[in-house]
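Number of protein chains: 4
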Amino acid sequence: MSGNTIGRVFRITTWGESHGAALGAVIDGCPPGLSLSQGQIQAVLDRRKPGGQRFASPRQEADRVEILSGVFEGKTTGTPIALLIRNRDADSGAYEHLRSVFRPGHGDYTYYRKYGLRDHRGGGRASGRETAARVAAGAVASLVTEAAGIQVLAYTVALGGICISRGSPGRIRRESLENSLYCPDPEAAARMLDRLAEVRQQGDTLGGIVEIVVRGCPAGLGEPVFDKMDADLAGALMSIGTVKGVEIGAGFSVADMLGSESNDPLSPGGFLSNTSGGILAGITSGEEIVMRVACKPIPSISRSQQTIDAEGHPTTLSIGGRHDVCVIPRIVPVCEAMVQIVLADHLLRQKAVTP
Amino acid sequence: MSGNTIGRVFRITTWGESHGAALGAVIDGCPPGLSLSQGQIQAVLDRRKPGGQRFASPRQEADRVEILSGVFEGKTTGTPIALLIRNRDADSGAYEHLRSVFRPGHGDYTYYRKYGLRDHRGGGRASGRETAARVAAGAVASLVTEAAGIQVLAYTVALGGICISRGSPGRIRRESLENSLYCPDPEAAARMLDRLAEVRQQGDTLGGIVEIVVRGCPAGLGEPVFDKMDADLAGALMSIGTVKGVEIGAGFSVADMLGSESNDPLSPGGFLSNTSGGILAGITSGEEIVMRVACKPIPSISRSQQTIDAEGHPTTLSIGGRHDVCVIPRIVPVCEAMVQIVLADHLLRQKAVTP
Amino acid sequence: MSGNTIGRVFRITTWGESHGAALGAVIDGCPPGLSLSQGQIQAVLDRRKPGGQRFASPRQEADRVEILSGVFEGKTTGTPIALLIRNRDADSGAYEHLRSVFRPGHGDYTYYRKYGLRDHRGGGRASGRETAARVAAGAVASLVTEAAGIQVLAYTVALGGICISRGSPGRIRRESLENSLYCPDPEAAARMLDRLAEVRQQGDTLGGIVEIVVRGCPAGLGEPVFDKMDADLAGALMSIGTVKGVEIGAGFSVADMLGSESNDPLSPGGFLSNTSGGILAGITSGEEIVMRVACKPIPSISRSQQTIDAEGHPTTLSIGGRHDVCVIPRIVPVCEAMVQIVLADHLLRQKAVTP
Amino acid sequence: MSGNTIGRVFRITTWGESHGAALGAVIDGCPPGLSLSQGQIQAVLDRRKPGGQRFASPRQEADRVEILSGVFEGKTTGTPIALLIRNRDADSGAYEHLRSVFRPGHGDYTYYRKYGLRDHRGGGRASGRETAARVAAGAVASLVTEAAGIQVLAYTVALGGICISRGSPGRIRRESLENSLYCPDPEAAARMLDRLAEVRQQGDTLGGIVEIVVRGCPAGLGEPVFDKMDADLAGALMSIGTVKGVEIGAGFSVADMLGSESNDPLSPGGFLSNTSGGILAGITSGEEIVMRVACKPIPSISRSQQTIDAEGHPTTLSIGGRHDVCVIPRIVPVCEAMVQIVLADHLLRQKAVTP
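Protein chains in written order, with our numbering: chain H, 1 to 355; chain P, 1 to 355; chain G, 1 to 355; chain U, 1 to 355.
Printed below as a string of structure tokens:
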């Protein structure tokens, strides 16, 4: 049944397959009167562009976004905003040999089991290309969050086992991230690039960790007990294909803490620490929201793998073609987009609570 | 605005405060014709009972559940099932000194910032007591999952920094968990109990990690791209107050893997490994679903803490009273319940997909 | 699947069968800080009380409402408000002969076809008693609408073919409706009462028409293109068991009009007529909202009727017992409640639109 | 906030303005494996085409539908189906004089009050053109209903005060409706055409009544107590801009009936009458579903009308341009589409109920 919509008041519906005619998003519930142009969305979309970066796929997706509705004379009208991105450089023939073979680590097998058929071309709906629609929609969401003074920043904290040397998330600036890996630590980034080159040679791929920090978020957002801010963020981030883990604030390390360590004391000037990651009892505290997601290695590897075909017979598979070595850095803007979308929804939801 | 409902086809709405008249749940969308009695729900509810266990709160909650609707002559009718649990042993006076003080690590401050007022008695809606309604609803959900041959098992894998010595989740049996910590490793459990006793002496509290495994789940459940199985599970588990992190399958360790390590090869007999944790591209693969959640220490500690009152003045606070040292083991049945609820919803959702 | 919830931001879930333990409602999304007592809800609930009115059922339902959550020290807290009404005077034995016979005009046959089983006692979930929960929930909704200066008024305009002699809905005052039929025309009401007595003698029942007028509603409520104000009102009113038709403003008579007649001219002082019934393009215009619903005769008649039993064999049926002759006047507060619920939801929804 | 989605399991989201770049729909939740081509949708869409019919607008909308996703090698895949219809023949300049004047009977005033701004070109989102997206989506819905053996038929029963001479809805065949008014009574149709010509001369417009009949619908569809079949149908039909009244079965005439008249007796061979219109207690009975909607006259008339401008100053307005005299016959396929959409949703919802 339907499952391609996220949000309650500010709602995003995405559609489209990797090698279909197009992909896109409908944003329903955007407030009226906000300035919006195709150029704004395009600029955000270009941040996930595959070309021009050393370890990214050479496929030349134009990824030109077109606004089809909901904007009149440069302003949002309050009606649904439809965004269209045509697929241009889609070489479907290259996937013909995958028509009846299930690639390990991909959704091929599970889509087939769910639907009884599948669009095998480039992963169809399960392709990472689907995230282009999320990023475009996130650009619209950022109109709402920025109007509320909120900044969302995602960056690479680990790749292929190499971690950044880090201080507080509070000290990271967007300018420091304008490098090929969206990584705030140049020294670590250099080693990550070396590791990427090495693994590319081996026909293998790498995973990593992305951190997202939200600044300027007002206290009071989140709707207990099921639509809590952390629950909605976790669901939204886990809906990204590559993500296998989500943590908020101190995350998994809280398991080893004492209560006297994990409780953040309050002072007249605010909280004295931020172990909670800006969310208490599912509601924002006014502190920075801090999240991390674990990204698995891209499953398309050129090394030979053991698998089966649609008839269940064993076979081996080596995936050539134009594939990234790591979802980082392309996934970074996707993480930002999902957080923007959740925050925009909750900012508008809170309007129905405030007297 | 509203946020107390979870599920799309099989829907749970919970209500109630820690020291109000009662708490409960409405289960809407349960299929007709399933056998259900108060005793069945009570048995599940008793698994989170605080009394009778050494490190649990001595508060004697009767927690008697009453079925008010939706069951006729021992069978579900397809109409909403309303469950009621009266609050009996609620000593509200004990909370009077907390009326205008924000306890660190609790939702006191954020509820106040969200709603402008709050029920300070025992944490109100933010109390862990709310999870009793979830567990009762989960017992109804298990009618649906068990009819499909699914088993859900949660257990303690870490507490206060002590981890179990573990083999595969596949080897854990429910009988091995019938101890005071729902822990499959008796030797580790003994050390956990020692650690709990020690920290209780210090007026402090501990965190831990719970693992949940799902067996017998058919392939094909989950609705891309936002209502994926892993996204819904992550959202549901993160909606539990104590949870700060969720991971599926190999979880955060995928960040350090190569693609050739994280891909699970397929053979005619099934997958040869389960790094994915039973979910690929948001859809179940037929393998065991494996999840872990990180639980923070209970924030109510008797050690003195720095905080502020409702006027913003600094003060210190020492919380006495009847509190657990760790949410484990009480949170274990809650994790099971949330997973049961998500699975029941997706089992019924899949019926609209299957031709 | 689930279908017992109405509203998006202000959400009502009802539950309960006619002869079960209780019935009730959960109101999720009510803003915090509003004064609410059991007495307030009880007073509204008493308006649909069966006893004490000549043509109403003599069944002595206590219908005492209890607030179980969401209210603290006399104020709503923003958390779910659970309402409970115990069933007391339920003579289930009187329905035993209906266990396997389908009453014409009732939901017996369709519930059986849908669910494969049914609670035959008093109509189960399909009973008019379910509307008690709606009325109680409507009393909570009226906190939101009254805070916005909105008044909702329902009254009888036809019963058993007798119509009121009427001027504009704008002239009707609540005081004029405080009679046994909620009818603003005393002369027509007297004839209606005679007709009711006559038909009761014949063992038959009557239908009628209820009009609902909303005053003080601000312009701008309603969410095109599917959640329009008129669409949501029509759906909510048609969900009342007795209703077979809904019309807004001039309603069915627009079919015979010219455009120059049905268009309401605008002047600096407002609209010069209200053919539209206060809604244009699905959005409120600031004029009075005017609706009418057609109510079918109560299907429980003591005259002999042709029907079948669960095995499909023909039989005849004569329904004795404690039944009303007409849903009017009891349905009048139910119509008010449904309109209150829809308006409360849209008032809060509009907060997410207004800049 | 968001309001452009209808359905729970089978969900339609429409978007687009009359004079924007395009309009379209996303259909989420369509089962996989159904045959679907652009030609199929186009054929249905052509039924509401304005050109080629005497009393329809001469605007030459190409209205070519394009399927952008969700279909692979001629079969639905279970993923969202995005439909695109480009606006081509949009003469926006013709609307410049309406930029700051509110047309009586249109949504101009209410959109302005709701959103604070509006797209004045051709009514923007409130234009009847929006219904093209509904009709296209309805064509997809009909894949689901036809697979279940359901036929939906809408036709004109009144126009400009002229009613058809009618027997039972059960005798109407689609072949008899293939005329310029979708009217099953040729003699009445001739008089309707005369009336349309006459009123066109006067610069005025006409209303009418459309009846919709559903055949072959299984018993058991509809989800009490709020998502009843009649409630969802009423809401969906009332969401069509022109509709001011909806009735089911005997509709408003039930108000004058006795219970012994309105109850439909059951026999071993089925119901002996169909006063209920195929729905009892919100659930389909297996009989024909019969509905009627009242359509108001098109508000764009060339006769002079009194109105105000955006500053509130009085002015007069005479609307020239390319406008229909009556929404009939163009609205007929729209009514069919809305009913198809609701039925498809409920057919799939019922799958979660049936054991």
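Note that the Cβ used here is the ideal one computed from N, Cα and C, for glycine as well. Because the structure is a prediction, the values reported are computed rather than measured.
Cutoff 8 Å: residue 262 (chain U) Cβ touching any chain G Cβ: yes
Put residue 114 (chain G) into one of helix, strand or coil per three-state DSSP. helix
What residues of chain G sit near residue 250 (chain U), judged by a beta carbon separation below 9 Å? 244, 245, 294, 296
First and last residue of the uninterrupted alpha helix (DSSP H) at residue 345 (chain U): 331–351
Can you pull the chain P residues whose beta carbon is under 7 Å from the beta carbon of residue 111 (chain H), in chain order? 281, 283
Considering only the beta carbon of each residue, do residue 9 (chain U) and residue 1 (chain H) sit closer than 8 Å? yes
Please confirm if residue 88 (chain H) has its CB atom under 8 Å from at least one CB of chain U. Answer no: the Cβ-Cβ gap between residue 88 (chain H) and chain U never drops below 8 Å.
Please identify the residue among U:88, U:70, U:79, U:49 whose C-alpha is closest to the C-alpha of residue 68 (chain H). Measuring from the Cα of residue 68 (chain H), the nearest candidate turns out to be U:88.
Using only the alpha-carbon positions, how far apart do residue 251 (chain U) and residue 149 (chain U) sit? 26 Å
With DSSP as the reference, identify every bridge partner of residue 314 (chain U), one or two as the case may be. U:308
Partners in chain H for residue 33 (chain U), counting only beta-carbon separations shorter than 7 Å: Taking the beta carbon of residue 33 (chain U) as reference, the chain H residues within 7 Å of it are 116, 117, listed in sequence order.
Flag residue 139 (chain P) as yes if its beta-carbon sits less than 8 Å from any beta-carbon of chain G, otherwise no. no
What residues from the segment 178–210 of chain H come within 9 Å of chain P, judged by C-beta to C-beta, listed N to C? 199, 202, 203, 204, 205, 206, 207, 208, 209
By DSSP, does residue 38 (chain U) sit in helix, in strand, or in coil? Here residue 38 (chain U) sits in helix by DSSP.
Residue span of the beta strand (DSSP E) that contains residue 28 (chain H), given as start and end: Boundaries of the beta strand (DSSP E) harbouring residue 28 (chain H): 22–28, taken from the DSSP string.
Can you look up residue 131 (chain H) in the DSSP assignment and give me helix, strand or coil? helix
Taking 8 Å as the CB-CB limit, is residue 2 (chain G) close to chain P? yes
Please say whether residue 286 (chain P) and residue 219 (chain P) have beta carbons closer to each other than 8 Å? The answer is yes: Cβ separation under 8 Å.
Output needed for residue 305 (chain H): all residues of its chain with C-beta closer than 6 Å, excluding positions within five of it in sequence on either side, in chain order. Within the same chain, and ignoring the five residues on either side of residue 305 (chain H) in sequence, the residues whose Cβ sits closer than 6 Å to its Cβ are 104, 317.
Let me know the alpha helix (DSSP H) ranges lying completely inside the segment 203–270 of chain P, each 4 residues or longer, listed in chain order. 229–238, 259–262
Please state whether DSSP places residue 16 (chain P) in a helix, a strand or coil. If DSSP states are grouped into helix, strand and coil, residue 16 (chain P) belongs with the strands.
Extent of the continuous alpha helix (DSSP H) run through residue 199 (chain P): 186–201
What does residue 348 (chain H) reach in chain B if we use C-beta pairs closer than 9 Å? Note that chain B does not occur in the displayed structure, where the protein chains are H, P, G and U.
Give me the DSSP bridge partner(s) of residue 79 (chain P). According to DSSP, which records beta bridges pairwise, residue 79 (chain P) is partnered with nothing at all.
DSSP three-state label for residue 155 (chain U), please. Residue 155 (chain U) carries a strand assignment under DSSP once its states are collapsed to helix, strand and coil.
Which of the three DSSP states is assigned to residue 177 (chain H) in this structure? helix
Count the other CB atoms within 10 Å of the CB of residue 333 (chain H); is the residue buried (16 or more) or exposed (fewer)? buried
Using the Cα positions of residue 165 (chain P) and residue 116 (chain P), report the straight-line distance between them to the nearest angstrom. Their Cα atoms are separated by approximately 47 Å.
Should residue 268 (chain P) be labelled buried (16 or more other beta-carbon atoms within 10 Å of its own) or exposed? exposed
Compare the C-beta of residue 125 (chain G) with all C-beta atoms of chain P and state if any pair is closer than 8 Å. Yes, contact with chain P.
Counting contacts by CB-CB distance shorter than 8 Å, is residue 227 (chain G) in contact with chain P? no
Inter-residue spacing [alpha-carbon to alpha-carbon] between residue 107 (chain H) and residue 66 (chain U): Between residue 107 (chain H) and residue 66 (chain U), the C-alpha separation is close to 27 Å.
Within 10 Å of its beta-carbon, does residue 350 (chain P) have 16 or more other beta-carbons around it, so buried, or fewer, so exposed? buried
If I measure Cβ to Cβ from residue 310 (chain P) and keep anything under 6 Å in the same chain, skipping five residues before and after, which residues do I get? So the list reads 100, once near-sequence residues are dropped.
Give me the Cα-Cα distance between residue 110 (chain P) and residue 158 (chain H), rounded to the nearest whole angstrom. 32 Å
Can you find a C-beta in chain H that's less than 8 Å from the C-beta of residue 26 (chain G)? Cβ-Cβ to chain H under 8 Å: no for residue 26 (chain G).
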